[in-house]
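Report on the structure given below.
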Amino acid sequence: MDQSTTIRKNPSRETCEGVIKRILMTEVLQNGTNSHFRNASDFMSYFESLYPASDALTKQVQRAIKSLNMPKDEKGYFIVNKTALQLDQEKEISRLFEQAHVSVEPMENYETVFLSAEAPMRSYLVYTLEKSETFKGKFLTIVEASNGLIIYTKNKNQLLILLNSLTI
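Position in the sequence shown (from 1) plus 186 gives the number in the numbering used here.
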């Protein structure tokens, strides 16, 4: 028997990268987050179950981790499928959301009303409706459209009655 067929050589860096990504994706899919893998050494038990333990194997796994250049969360765990730039952008968006007191409003809870309005008056109408005490709390938002205004509201019937009472 040929010795080269019985001895498993170390995986390539690219192979290690793929395996590491799969391990991390499985971790995230099963647990919702990575809470086990912080360093190259955390992956070694898996690689050593497939390949003979050696310094060369350790170095190859370390090279793969370095090449993947994965950011880490605040606890030091690897974040898979995000670059450091993406993570920085998400942190900035999160910071802005906090400063702006952002809340998510599912739109399936809202109905629309369309107001036909001529172009020169649309912006002023939006401004006036937003400042109006009468319309306070009657709509989520007003969007300018090509032929008028689109109003999103939770109580379409009440808003229609109010709007119709003001039309001449």
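Beta carbons are placed, not taken as given, at the ideal position from N, Cα and C, and that holds for glycine.
This one's a predicted model, so the numbers in the text were calculated from it and none came from an experiment.
>> I'd like the ranges of any alpha helix (DSSP H) spanning at least 4 consecutive residues and lying wholly in the segment 188-227.
In response: Taken in chain order, the complete alpha helix (DSSP H) segments of 4 or more residues contained in the segment 188-227 are 189-192 and 199-217.
> Nearest-angstrom Cα distance between S351 and N217?
Replying inline: Cα-Cα distance, rounded: 55 angstroms.
> Taking the continuous alpha helix (DSSP H) assigned at F233, which residues delimit it?
Replying inline: Per DSSP, F233 belongs to the alpha helix (DSSP H) from M230 to L236.
> Per DSSP, V329 forms a beta bridge with which residues?
Replying inline: Paired residue(s): I336.
> Buried or exposed: where does V329 fall if 16 or more other Cβ atoms within 10 Å of its Cβ makes it buried?
Replying inline: Exposed: under 16 other Cβ atoms inside 10 Å.
> Using DSSP with H/G/I as helix, E/B as strand and the rest coil, what is K342?
Replying inline: If DSSP states are grouped into helix, strand and coil, K342 belongs with the helices.
> To which residues does DSSP link L301 through a beta bridge?
Replying inline: Paired residue(s): L335.
>> Would you say D241 lies against chain B (beta-carbon separation less than 7 angstroms)?
In response: Here chain B cannot be found, since the structure has a single protein chain.
>> Cutting at 6 angstroms between CB atoms, please list the residues of its own chain near A226, excluding the five before and the five after it.
In response: Excluding its 5 nearest sequence neighbours in each direction, A226 has C-beta neighbours in its own chain below 6 angstroms: V247, Q248 and I251, listed in chain order.
>> If I measure Cβ to Cβ from F229 and keep anything under 7 angstroms in the same chain, skipping five residues before and after, which residues do I get?
In response: Here the set comprises I206, I209, F223 and V247.
> Ordered along the chain, which non-local residues of its own chain (more than five positions away) have a Cβ less than 8 angstroms from that of L346?
Replying inline: Excluding its 5 nearest sequence neighbours in each direction, L346 has C-beta neighbours in its own chain below 8 angstroms: V299, listed in chain order.
>> So the candidates are A305, C202, S302 and E316; which of them puts its Cα closest to the Cα of A242?
In response: Minimum Cα distance to A242 is reached at C202.
>> Could you compute how far the alpha carbon of S231 sits from the alpha carbon of Q272?
In response: The alpha-carbon atoms of S231 and Q272 are separated by roughly 30 angstroms.
>> Could you compute how far the alpha carbon of D259 sits from the alpha carbon of I265?
In response: Roughly 6 angstroms separates the two Cα atoms.
> First and last residue of the alpha helix (DSSP H) that includes A270?
Replying inline: Its alpha helix (DSSP H) spans residues A270 to Q285.
> In chain order, what residues of the same chain have a beta carbon less than 7 angstroms from the beta carbon of S302, not counting five sequence neighbours either side?
Replying inline: N333 and G334, listed in sequence order.
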